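Working notes, structure below.
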Amino acid sequence: MAIFGTAVNFSTLLLEKNRWNGKGPSLLVTDWIEPIGEAGFSGVDIWINHLLLSSRSDWDAIRDLCSESDLVLACLSTALPTDDGDKSQRFRDSILEACDYFRPEGLKFNLPDEGPRHSLEDALGDSLEVVRAWSQDLARDTILLYEPSTDENAVEKVSFARKALPAGRFKGVLHPFLLSLSDFDEALASNGDFIGDLGVQAQKSGQYLLLEDAEDEFAAVVAKARKRGYQGTWSLQFTKGVATPGLSTAKENIDTLFDNAERDLNFLIDAIALSGKSKATR
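Heads up: the sequence shown begins at 83 in the working numbering, then just goes up one per residue.
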């Protein structure tokens, strides 16, 4: 479902309790494709470990079920190593293989090493150049979306990537509900068409929450995106009930997480539709 031309996708990482601990996947994506489609999402954003640690018969089933459920295979998401070690090269080859098979609209990547450096160029410059060169092996119609870590320098990292990477093939990801409204507005104004996806995750006091828990504040974020003419997608990444890194996931309930993701989707549908109607009447 696209609302006023805007697609809202579902990230399989939202349901994965082993997202932080390095263990293998705890779920089968095939079990969730039909519910994702029935809920009204436009597409699916699949965490790479849900593919690389599954069978080829599962790959076939995922592709078939997406087609049957009218779901776009919007993105594959991965941490993309940029060193020249054998393990990293094999991993990048596996990503290429998955992209060649599924032909997603985009490959969403973050960089494993974004620690403090003397400058953003030191932290990102070489890694982004490796990604740029490596991207030549991907299908030409695959968009690469750089998703920085969600820290206080996220907007600066996206802005740096916009200048460092070739226009058109690369896009950036922002997390608007983790930014102040003024910072989000400035980020959209300065980066324009480079922003290709808005990752949906909201926190208060170190806990993930529903978008409806701060209804007016978050509706204003959606309205700001519409006012700035944002043309990209939204992706449900985390919701209320997801444990933050370093905390036990034992209390996570996968059905509750999916129900909460539906509530966030419905909030976005209403907010996008309302802002779209308001824009149309001006």
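All C-beta atoms in this analysis are idealised placements derived from N, C-alpha and C, irrespective of residue type, glycine included.
Owing to the predicted nature of the structure, the values given are computational and were not obtained by experimental measurement.
Contacts around residue i, its chain only, beta-carbon distance under 7 Å, and the 5 residues preceding and following it disregarded
i           : result
residue 304 : 350, 353, 354 and 357
residue 141 : 133 and 183
residue 348 : none
residue 176 : 134
residue 272 : 241
residue 322 : 290, 291, 292 and 342
Sequence-distant residues of the same chain with beta carbon closer than 8 Å to residue i, five excluded per side
i           : result
residue 269 : 237, 240, 241, 256, 261 and 277
residue 117 : 340
residue 315 : 88, 89, 90, 91, 124, 125, 156, 278, 279 and 280
CB of residue i within 8 Å of CB of residue j, strictly
i           : j           : result
residue 125 : residue 155 : yes
residue 306 : residue 279 : no
residue 254 : residue 290 : no
residue 151 : residue 119 : yes
residue 263 : residue 346 : no
residue 191 : residue 212 : no
residue 128 : residue 153 : no
residue 366 : residue 217 : Nothing about residue 366 can be read from this structure; the chain reaches only from 83 to 364.
residue 130 : residue 180 : yes
residue 112 : residue 147 : yes
residue 246 : residue 288 : no
Bounding residues of the alpha helix (DSSP H) (the contiguous stretch that carries residue i)
i           : result
residue 139 : 138–150
residue 245 : 236–246
residue 265 : 263–273
residue 303 : 297–309
residue 169 : 168–184
residue 287 : Residue 287 -> no alpha helix (DSSP H), and no H or E assigned at all.
residue 216 : 208–216
Cutoff 6 Å; reference residue i; Cβ partners in own chain excluding five residues on either side
i           : result
residue 178 : 219
residue 344 : 121
residue 232 : 257 and 260
residue 331 : 99 and 325
residue 92  : 118, 123, 126 and 318
residue 327 : 102
residue 363 : Any answer about residue 363 is weak, because its pLDDT of 46 lies below 50 and its placement is not dependable; what the coordinates show is given next. No residues qualify anywhere along the chain.
Cβ-Cβ separation, residue j to residue i (assumed contact under 8 Å), whole Å
i           : j           : result
residue 317 : residue 281 : 5 Å
residue 210 : residue 162 : Wrong, their Cβ atoms sit about 10 Å apart, outside the cutoff.
residue 320 : residue 109 : 15 Å between Cβ atoms; not a contact.
First through last residue of the beta strand (DSSP E) which encompasses residue i
i           : result
residue 74  : This structure cannot speak to residue 74, because the chain is shown only from 83 to 364.
residue 121 : Per DSSP, residue 121 belongs to no beta strand (DSSP E); it is in the alpha helix (DSSP H), 115–121.
Flag this pair as touching only if the stretch 211–224 and the stretch 184–195 have three or more C-beta atom pairs under 8 Å; answer yes or no.
yes
Contact between the stretch 166–176 and the stretch 100–113 is defined here as three or more beta-carbon pairs at a separation below 8 Å; is this criterion met?
no
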